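To start, the structure itself, in structure tokens.
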Amino acid sequence: MTQQGHERQLQSKEESMDFLGIDRVVFGATDLVKANEFFTQWGLVRKSKTSKALMFETGNGNQVMVKRSDDKSLPPKMADHQEFREVIYGLAKQSDFDHIHQNLSADRCVEVDDEGIMHTVDDSGIPIGFRWVREKPRARPSDTLWNSPAHKKRVDVVSSVYTQAHPFKMGHIVFFVPDTQVAENFYRQRLGFWLSDRYVGGAGVFLRWAKKSEHHNLFFVKSRTSGLALHHIAFEVDSIHEVLGGGLAFSQKGFPTEVGPGRHPISSAYFWYFKNPLGGAVEYFCDADFVTEKWKPHHYRVNRFSEWHLNNGIELKDDGKLRPSLKGAREIEQQKKNEMAAPMKATK
Ligand SMILES: [Fe+2]
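Under my numbering, the first residue of the sequence shown is numbered 144, with each subsequent residue one higher.
What follows is the structure, given as structure tokens:
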């Protein structure tokens with residue numbers, strides 16, 4: 144059988160599966176205060192906070208759960224040096240949930256908890272789960288309007304200014320695995336994922352959960368140490384303006400950049416990665432390619448990480464001078480208000 148024929152056969156088995164996205168990512172933490180600060184400043188909405196656990200949401204309701212690392216209900220660490228515990232995928236149909244349950248129960252332990260979440264482990268050893276999401280997916284309330292030489296979409300309206308990112312959803316998750324072929328086979332054969340692109344020789348494989356989807360929802364990178372690890376979780380924002388404005392704000396609050404900002408030639412997305420204190424990185428991204436069954440996977444030989452990127456964020460010089468930026472202008476405005484208020488107070 145040709146390679147193409149083989150790939151088509153793998154894709155045909157489960158291709159009607161209706162994945163809604165990454166429904167939840169679960170972490171442990173030895174310092175919940177620090178974790179709370181990190182994900183709040185990242186721009187997630189905190190839905191609950193106790194002395195034992197935190198729950199955050201993106202704009203569309205994807206969740207980041209953080210529990211005390213000694214919490215007995217947490218799955219064990221996947222990698223010793225990280226606090227990543229599990230990724231849960233959302234499903235639109237109960238029949239898909241039931242199908243996956245039956246299928247995976249044939250050769251591994253599968254458990255359903257009180258919340259109705261199915262927990263198991265994939266063939267690489269990554270703790271995964273599935274949940275039938277009953278609520279309708281939330282829509283993005285507004286969109287970025289662009290003007291180009293040929294198209295004027297934004298008329299009589301000033302474009303948005305971002306002083307904080309508000310991620311709309313978790314778009315993809317990336318892992319280091321010992322064998323990318325093992326990972327690819329599991330997701331394509333057992334869950335109906337589609338191949339988008341690959342690096343030859345098993346160096347990396349980009350997968351998506353539907354034939355019509357963002358370029359990748361899962362990316363596996365061959366581990367240099369043969370170990371498993373979380374590489375990063377990607378949060379989608381509206382536009383390059385939000386990547387840069389939000390990234391800059393996060394950076395100014397003291398959170399270190401992993402790499403970025405920049406742009407990937409694979410998927411065409413703009414990115415900015417930051418170090419996650421609980422393991423791996425978190426990424427703001429936007430403007431990723433959307434592909435269909437007409438997409439032809441590439442087999443890349445040379446690393447194509449970036450079209451361009453800044454290595455270590457945008458360094459901000461603090462020489463006491465105000466820059467001609469919106470931030471600078473606001474500081475001048477505030478200074479003037481303070482000066483005007485001061486004599487009034489003095490005369491009272
Ligand atoms: Fe990414």
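All C-beta atoms in this analysis are idealised placements derived from N, C-alpha and C, irrespective of residue type, glycine included.
Note that the coordinates shown come from a computational prediction; the quantities given were computed from them, not determined experimentally.
Residues sharing a beta bridge with residue i, DSSP
i: glutamate 379; result: Lys312 and Phe428
i: tryptophan 451; result: Arg406
i: glutamate 254; result: His262
i: arginine 351; result: Trp337
i: phenylalanine 433; result: Glu357
i: lysine 418; result: Ala424
i: valine 364; result: Phe319 and Gly347
i: isoleucine 271; result: Val230 and Thr263
Alpha carbon of residue i to alpha carbon of residue j, nearest angstrom
i: tryptophan 185; j: phenylalanine 393; result: 7 Å
i: aspartate 213; j: histidine 224; result: 15 Å
i: phenylalanine 170; j: arginine 444; result: 34 Å
i: lysine 437; j: tyrosine 305; result: 36 Å
i: aspartate 286; j: leucine 334; result: 32 Å
i: valine 298; j: serine 291; result: 12 Å
i: valine 317; j: lysine 295; result: 36 Å
i: isoleucine 269; j: glutamate 476; result: 52 Å
i: glycine 397; j: arginine 211; result: 24 Å
i: phenylalanine 240; j: proline 420; result: 33 Å
i: histidine 374; j: phenylalanine 319; result: 6 Å
i: methionine 313; j: glutamine 206; result: 9 Å
i: methionine 221; j: glutamate 474; result: 46 Å
i: glutamate 89; j: alanine 485; result: With the chain covering only 144 through 491, there is no way to say anything about residue 89.
i: glycine 347; j: histidine 384; result: 29 Å
i: glutamate 426; j: alanine 282; result: 21 Å
i: serine 194; j: glutamate 226; result: 18 Å
i: leucine 187; j: methionine 198; result: 10 Å
i: lysine 355; j: phenylalanine 414; result: 22 Å
i: asparagine 179; j: alanine 172; result: 10 Å
i: alanine 431; j: glycine 164; result: 15 Å
i: methionine 208; j: lysine 479; result: 43 Å
i: aspartate 166; j: alanine 196; result: 18 Å
i: leucine 465; j: serine 303; result: Residue confidence is low: leucine 465 scores 49 on pLDDT, short of 50, so the model does not pin down where it sits. No coordinate-derived value is stated.
i: proline 321; j: glutamine 395; result: 36 Å
i: proline 404; j: alanine 249; result: 44 Å
i: valine 230; j: tryptophan 289; result: 34 Å
i: leucine 371; j: serine 267; result: 8 Å
i: phenylalanine 336; j: leucine 175; result: 35 Å
Three-state class that DSSP yields for residue i in the structure shown
i: serine 216; result: coil
i: serine 291; result: coil
i: leucine 371; result: coil
i: valine 168; result: strand
i: leucine 234; result: strand
i: valine 343; result: helix
i: tyrosine 443; result: strand
i: arginine 473; result: helix
i: isoleucine 495; result: Nothing about residue 495 can be read from this structure; the chain reaches only from 144 to 491.
i: arginine 331; result: helix
i: glutamate 229; result: strand
Chain D within 8 Å of residue i, Cβ atoms only
i: serine 238; result: Absent from the structure: chain D. Only one protein chain is present.
Complete runs of the beta strand (DSSP E) confined to the segment 376-415 [at least 3 residues]: 400-406
Lining residues of ligand 1 - beta-carbon closer than 5 Å to any non-hydrogen atom, in sequence order: Ala377 and Glu426
3-residue-minimum beta strand (DSSP E) runs that sit fully inside the segment 170-216, ordered along the chain: 188-192, 196-200 and 206-211
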